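> Okay, so the sequence shown: first residue is 7 according to our numbering, each after it adds one.
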Amino acid sequence: MQFKAEGLTLGYRGVPVVRGVSFTAAPGDVLAVVGHNGCGKSTLIKTLLGTLPPIAGRLSWPAGRPETIAYLGQRTEFDTRFPVRVRDLAEMGVWGRLGFTGRVGAPARARIAEALQQAGIEDIADMPIHALSAGQLQRALFARTIVQDAPVILLDEPFTAIDQTTEADLLTLIDGWAAEGRTVILVLHDLSAVLQHCTSALLLGRGEARFGPPQETLTPANLVAFGYLSASQAAWQEQMYRGGGTESAGAPDV
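1. Between which residues of its own chain and residue 127 is the CB-CB distance below 7 angstroms, once the five residues before and five after are set aside?
2. Grab the span of the beta strand (DSSP E) containing residue 219 for me, first residue to last.
3. Take the Cβ of residue 188 as the centre, count every other Cβ of all protein chains shown within 10 Å, and call the residue buried at 16 or more, exposed below.
4. Quick one: is residue 136 buried, meaning 16 or more other Cβ sit within 10 Å of its Cβ, or exposed?
5. Mind the definition here: the region 164–174 touches the region 203–219 only if three or more C-beta pairs lie below 8 angstroms; say whether that holds.
6. Provide the residue(s) that pair with residue 189 in DSSP beta bridges, ordered along the chain.
7. Figure out for me which residue from 39, 19, 9, 32 has the closest Cα to the Cα of residue 216.
8. Can we count residue 131 as close to the ligand GDP, meaning its CB is less than 8 angstroms from some heavy atom?
9. Considering only DSSP beta bridges, list what residue 18 is partnered with.
10. Please determine, among 12, 45, 44, the residue with the shortest C-alpha to C-alpha distance to residue 29.
11. Near residue 22, which residues of its chain fall below 8 angstroms by C-beta distance, leaving aside the five closest residues on each side in sequence?
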């Protein structure tokens, strides 16, 4: 049940965006995808979801198909004008298993209630989504992801425009998914979160890719070479590394 990419070249209409993408993500792994804007992160996501074929290389999905993935895109991809409540949004997580004539039974409703509680939004379950704050909406989307109960979870920049308390709570949920044996792949800009919560990192930039443990992959030298940090930002990060302890993860959020 391993998610595996071998020597992928990714791009559009035969024009490469990034080459040499190789990684493995096993059950219980949390893989962070890091890179500057335009480096190929969105292209990679489309490839992982099975909507964009790779130009070259090989990609193996768990259970042999991309349908095993629960995908939570950026909030800009979600229309908050849709007239539903928070609990209705969470309920969408079971729709894929019901078909057109299926009904949401007691077990599914119990799971929805549990997901709302885990996401910390059971008290606003009947609130319309257009009235939610950015953090509340993201918690609701995480509740929908919980309900999907998928072995692989793909998150695209899940902490954009939310407060630190909400981010910490959602990172706890991600830690819990990994502990349950799920594979989590997430696009992140917060290097502190990557270093503290992820088991591996895939660094994209300038048409290339590098994969490995976060502490070895996201070094200041690599982040500069791949265009993620400027030399001055990297020098600041190097100072934090030398300081040791958890402060070493306090890199700029780029």
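Note that beta-carbon positions come from the ideal geometry of N, C-alpha and C, so glycine has one too.
Keep in mind that this is a model prediction, so the values were computed, not measured.
The structure says:
1. 92, 142, 145, 146, 149
2. Here residue 219 belongs to no beta strand (DSSP E), and DSSP marks it neither H nor E.
3. Residue 188 should be labelled buried.
4. exposed
5. no
6. In the DSSP assignment, residue 189 forms a beta bridge with 158.
7. Comparing Cα-Cα distances from residue 216 to each of 39, 19, 9, 32, the minimum goes to 39.
8. Here there are no bound small molecules, and the ligand GDP is not part of this structure.
9. 21
10. When each option's Cα is compared against that of residue 29, the closest is 12.
11. Cβ-Cβ distances below 8 angstroms link residue 22 to 15, 16, 61, 213 in the same chain, with the five nearest sequence neighbours on each side left out; the list follows chain order.
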